[in-house]
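S.K.: Below you will find the structure I want to go over with you.
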Amino acid sequence: MFAITKDNFRALGVVMLLGFSSGLPLSLSGATLQARMTTDGIALDQIGWITLVGLPYTLKFLWAPFLDRWRWPFLGRRRSWMLVTQVLTLVLIWSLGQADTSRPEESIAFWALLLALASATQDIVVDAYRTDILSPTVRGLGASSAMLGYRLAMLCAGAVALGMAAAWGWATTYEVMALAMGVGIMGTLWGKEPESSAWQEHSWQETFTGPWQDFFARSGAWPLLALVVLYKLGDALAFALSSAFLLRGLGFDLVQVGMVNKGVGLGATIAGSFVGGGLMLRWGLFRSLWCLGWIQGLATLSFMGLAAWGHHFTGMVGAVFLENFTSGMGTSAFAALLMSLCSTRYSATQFALLSALAALGRVLIGPFAGVLAQRNGWEVYFLVATLLALPGLVVLWRLRREIGALEQVEP
């Protein structure tokens with residue numbers, strides 16, 4: 294087993310704090326903002342349009358090259374951008390809290406869009422920093438630490454914020470949430486600047502073409518991209534309609550589903566991610582991807598068994614725990630893969646592009662999921678989800694030498 298050094302422990306702590314500052318703004322400009330507008334009596338059609346402010350999170354790869362090329366004159370290339378975006382996010386959360394909800398198409402939309410832009414830009418540089426600062430042996434645990442911070446922030450900006458709003462009002466709630474961005478700022482100031490992040494001058498043309506040229510210069514570039522899309526595809530289908538399955542398919546009520554999904558599911562995901570990260574210390578990247586890919590794929594059979602069993606609360610808790618636990622394990626290994634595929638010179642751009650590509654399968658699977666469940670029933674649906682894990686594992690096996698090489702040298 295690899296030893297975890299003092300520097301690695303520090304890096305893992307910093308990554309957790311940065312994960313918190315990444316997760317906090319997402320709900321405040323998304324689900325929590327929708328709750329605020331609903332309680333303020335805003336029409337549903339206007340609330341629907343507000344969801345478009347989330348587009349920067351999908352399109353962030355378009356301006357990621359600027360963060361690879363340009364830096365502020367303090368703290369280094371990565372930490373300077375983190376500090377600037379975190380302070381800007383803090384100010385925008387505060388401003389969104391003071392916005393006039395009687396004019397959502399003007400005031401709310403304006404501040405929410407700016408917040409999403411600042412938050413998405415912070416995500417770019419935080420992902421790049423995590424890629425640059427973590428050694429290959431602890432990238433799995435780094436992904437777990439980031440997930441822990443991220444999930445805690447989502448809980449804080451979700452359930453906690455709603456409770457605060459009921460007691461103190463929305464303006465005060467957003468002010469407190471803005472101050473909570475100090476967690477990420479502490480992480481930025483505590484962290485070290487990656488040695489590999491020193492600025493290197495290159496042309497604007499290379500700024501946009503260099504990341505792709507660098508990636509496709511490696512052996513097996515196209516199959517690696519296919520692996521990024523396919524590895525979590527079966528997992529994505531299993532989760533795509535999980536709430537609909539539990540509510541409509543099995544007849545559980547909202548309280549039961551909410552308690553199990555948000556309680557048991559969240560805890561299982563975090564625990565699984567740390568178990569997966571710990572296994573990576575012993576197994577390495579390829580073996581972890583291979584074993585955990587099989588485990589997360591086969592765990593989907595628990596939902597298939599639940600569909601055959603029917604309405605059974607204990608069975609539902611067990612299936613949700615198992616699916617989320619194994620998904621968390623696989624996610625740690627997959628995040629480590631994405632980091633390993635990035636060159637430190639272009640890590641902001643390449644990670645943004647690869648993560649967008651990884652999300653492509655989850656986005657496109659939605660319409661197919663509904664048709665499949667409607668026409669064939671839930672047992673067939675989860676059987677197909679299990680089988681969809683196989684293409685990614687086949688590609689992974691063909692790339693075992695290339696993945697093994699990533700464990701030996703920095704990309």
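In this text, residue positions in the sequence shown follow our numbering: the first is 294, and each later residue adds one.
We treat Cβ as the ideally placed atom computed from N, Cα and C, and that holds for glycine.
Every value quoted in this text rests on a predicted model; they were computed, and no experiment measured them.
Rounded to whole angstroms, what is the Cα-Cα separation between A454 and T325?
M.R.: Taking the first residue of the sequence shown as 1, we reach residue 454 at position 161. Taking the first residue of the sequence shown as 1, we reach residue 325 at position 32. Answer to the nearest angstrom: the Cα atoms are 8 Å apart.
S.K.: Taking 9 Å as the cut-off, decide whether the C-beta atoms of F313 and A411 are in contact.
M.R.: Taking the first residue of the sequence shown as position 1, residue 313 is located at position 20. Taking the first residue of the sequence shown as position 1, residue 411 is located at position 118. No; because the gap between Cβ atoms is not below 9 Å, this pair is not in contact.
S.K.: Using three-state DSSP, classify L681 as helix, strand or coil.
M.R.: Position 388 of the sequence shown holds residue 681. Coil.
S.K.: Could you pull out every residue in the same chain whose Cβ sits closer than 8 Å to the Cβ of E700, ignoring the five residues on either side in sequence?
M.R.: In the sequence shown, the residue the question calls residue 700 occupies position 407. Correct list, in chain order: P429, G577, L578, F579 and S633.
S.K.: Could you check how far apart the C-beta atoms of R362 and D425 are, in whole angstroms? I think they sit under 8 Å.
M.R.: By one-based count along the sequence shown, residue 362 stands at place 69. By one-based count along the sequence shown, residue 425 stands at place 132. Distance from R362 to D425 at the Cβ level is roughly 15 Å; contact not present, criterion being Cβ atoms closer than 8 Å.
S.K.: Following the continuous alpha helix (DSSP H) through W515, name the residue where it begins and the one where it ends.
M.R.: Numbered from its first residue, the sequence shown carries residue 515 at position 222. Its alpha helix (DSSP H) spans residues A514 to L523.
S.K.: What does the Cβ neighbour count give for R423, buried or exposed, with the cut at 16 atoms within 10 Å?
M.R.: Position 130 of the sequence shown, counting from 1, holds the residue named residue 423. Burial call: buried.
S.K.: Going by CA-CA distance only, name the one from G442, T382, G608 and W387 that's closest to Q415.
M.R.: One-based indexing of the sequence shown puts residue 415 at position 122. Closest by alpha carbon: T382.
S.K.: Measuring straight from C-alpha to C-alpha, what distance separates V705 and F545?
M.R.: Absent from the model: residue 705. The displayed extent of the chain is 294 to 704, so no value can be given.
S.K.: At what residue ranges does the stretch 563 to 634 contain a whole run of the alpha helix (DSSP H), taking only runs of 4 or more?
M.R.: 578 to 592, 594 to 602 and 606 to 633
S.K.: Could you check which residue in T642, S595, L657 and C584 has the C-alpha nearest to that of F627?
M.R.: To locate residue 627, count along the sequence shown from 1; it is residue 334. Measuring from the Cα of F627, the nearest candidate turns out to be C584.
S.K.: Could you give the DSSP three-state label for R691: helix, strand or coil?
M.R.: Indexing the sequence shown from 1 puts residue 691 at position 398. Of the three classes helix, strand and coil, the one that applies to R691 here is helix, per DSSP.
S.K.: Buried or exposed: which applies to F661, given that a residue is buried once 16 or more other Cβ atoms fall within 10 Å of its Cβ?
M.R.: Here residue 661 corresponds to residue number 368 of the sequence shown, with the count starting at 1. With fewer than 16 Cβ atoms within 10 Å of its Cβ, F661 is classed as exposed.
S.K.: Drop a sphere of 10 angstroms on the beta-carbon of K555, count the other beta-carbons inside from all chains shown, and report buried for 16 or more, exposed for fewer.
M.R.: Looking up residue 555 in the sequence shown gives position 262. Exposed is the call here.
S.K.: Please say whether M309 and A439 have beta carbons closer to each other than 9 Å?
M.R.: Working through the sequence shown from its first residue, we reach residue 439 at position 146. Working through the sequence shown from its first residue, we reach residue 309 at position 16. Yes, the Cβ-Cβ distance between A439 and M309 is below 9 Å.
S.K.: Using 10 angstroms around the beta-carbon of V702, count the other beta-carbons present and answer buried if the total reaches 16, otherwise exposed.
M.R.: Position 409 of the sequence shown, counting from 1, holds the residue named residue 702. A caution first: V702 carries a pLDDT of 48, below 50, which makes its placement in the model unreliable, though a value can still be read off. It is exposed - the Cβ of V702 has fewer than 16 other Cβ atoms within 10 Å.
S.K.: Mapping the DSSP letters down to three states, classify W356 as helix, strand or coil.
M.R.: Translated into the one-based positions of the sequence shown, residue 356 becomes position 63. Three-state result, W356: coil.
S.K.: Can you look up D546 in the DSSP assignment and give me helix, strand or coil?
M.R.: The residue labelled residue 546 in the question sits at position 253 within the sequence shown. Three-state result, D546: coil.
S.K.: Going along the chain, which unbroken runs of the beta strand (DSSP E) with 3 or more residues stay wholly within the stretch 300 to 366?
M.R.: For the stretch 300 to 366, not a single whole beta strand (DSSP E) run of length 3 or above is found.
S.K.: Tell me which residue opens and which closes the alpha helix (DSSP H) that V469 is part of.
M.R.: Counting from one through the sequence shown, the residue named residue 469 turns up at place 176. Start and end: W463 to A473.
S.K.: Given that a residue counts as buried once 16 or more other Cβ atoms are within 10 Å of its Cβ, and exposed if not, what is K299?
M.R.: Residue numbering aside, residue 299 sits at position 6 when the sequence shown is read from its first letter. Residue environment: K299 is assigned as exposed (fewer than 16 neighbouring CB atoms within 10 Å of its CB, all protein chains considered).
S.K.: I'd like to know whether the C-beta of G611 is nearer than 9 Å to at least one C-beta of chain B.
M.R.: Absent here is chain B; the protein component of the structure consists of one chain.
S.K.: Note down the Cα distance separating A601 from L653, rounded to an integer number of angstroms.
M.R.: Reading the sequence shown from its first residue, position 308 is the one you call residue 601. Reading the sequence shown from its first residue, position 360 is the one you call residue 653. Approximately 31 Å, taken between the alpha carbons.
S.K.: Rounded to whole angstroms, what's the CA-CA distance from F606 to F532? Just pull it up for me.
M.R.: Translated into the one-based positions of the sequence shown, residue 606 becomes position 313. Translated into the one-based positions of the sequence shown, residue 532 becomes position 239. Going from the Cα of F606 to the Cα of F532 covers about 18 Å.
S.K.: Using a Cβ-Cβ cutoff of less than 6 Å, which residues in the same chain neighbour L646 once the five nearest sequence positions on both sides are dropped?
M.R.: By 1-based counting over the sequence shown, the position of residue 646 is 353. If we look at L646 and ignore the five residues flanking it on each side, its Cβ neighbours are F354.
S.K.: Where does the unbroken alpha helix (DSSP H) through L527 begin, and where does it stop?
M.R.: As a working mapping, residue 527 is identified with position 234 in the sequence shown. According to the sequence as given, residue 527 is Gly; it is not Leu. Segment L526 to A533, the alpha helix (DSSP H) holding G527.
S.K.: What span of residues does the alpha helix (DSSP H) with I297 cover, start to end?
M.R.: In the sequence shown, residue 297 corresponds to position 4, counting from 1. No alpha helix (DSSP H) contains I297, which DSSP labels as neither H nor E.
S.K.: Mind reading off the beta-carbon distance from A402 to Y350? Whole number of angstroms is fine, and I expect it under 8 Å.
M.R.: Stepping through the sequence shown from its first residue, residue 402 is reached at position 109. Stepping through the sequence shown from its first residue, residue 350 is reached at position 57. Actually they do not touch by this definition, with Cβ atoms about 16 Å apart.
S.K.: Given E486, which residues of its chain have a CB within under 7 Å of its CB, disregarding the five upstream and five downstream residues?
M.R.: To locate residue 486, count along the sequence shown from 1; it is residue 193. Hits under 7 Å: L368, G369, R371 and R372.
S.K.: Does S428 come out as helix, strand or coil in the three-state DSSP assignment?
M.R.: Position 135 of the sequence shown, counted from the start, is the residue given in the question as residue 428. In the structure shown, S428 sits in coil (DSSP, three-state: anything other than H, G, I, E or B).
S.K.: Any idea if A304 is buried or exposed, counting beta-carbon neighbours within 10 angstroms, 16 or more meaning buried?
M.R.: The residue labelled residue 304 in the question sits at position 11 within the sequence shown. Result: buried.
S.K.: So, at 7 Å on beta carbons, what are the nonlocal neighbours of A678 in its own chain, with the 5 sequence-adjacent residues on each side left out?
M.R.: For this step, residue 678 is matched to residue 385 along the sequence shown. So the qualifying residues of the chain are G527, L530, A531 and T593.
S.K.: Within its chain, find whatever has a CB closer than 6 Å to the CB of G571; leave out the 5 residues flanking it on each side and keep chain order.
M.R.: By one-based count along the sequence shown, residue 571 stands at place 278. Cβ-Cβ distances below 6 Å link G571 to nothing in the same chain once the five nearest sequence neighbours on each side are left out.
S.K.: What's the gap between the Cα of V522 and the Cα of C635?
M.R.: Translated into positions along the sequence shown, residue 522 becomes position 229. Translated into positions along the sequence shown, residue 635 becomes position 342. V522 and C635: Cα-Cα distance of roughly 16 Å.
S.K.: Taking all protein chains shown into account, decide if A616 is buried (16 or more other Cβ within 10 angstroms of its Cβ) or exposed.
M.R.: Within the sequence shown, residue 616 is the residue found at index 323, counting from 1. Residue identity check: residue 616 is Glu in the sequence provided, not Ala. With 16 or more other Cβ atoms within 10 Å, it is buried.
S.K.: Looking only at its own chain, which residues have a Cβ that is under 7 Å from the Cβ of N301, when we skip the five neighbours before and after it?
M.R.: Position 8 of the sequence shown holds residue 301. These residues qualify, in order along the chain: S428 and V431.
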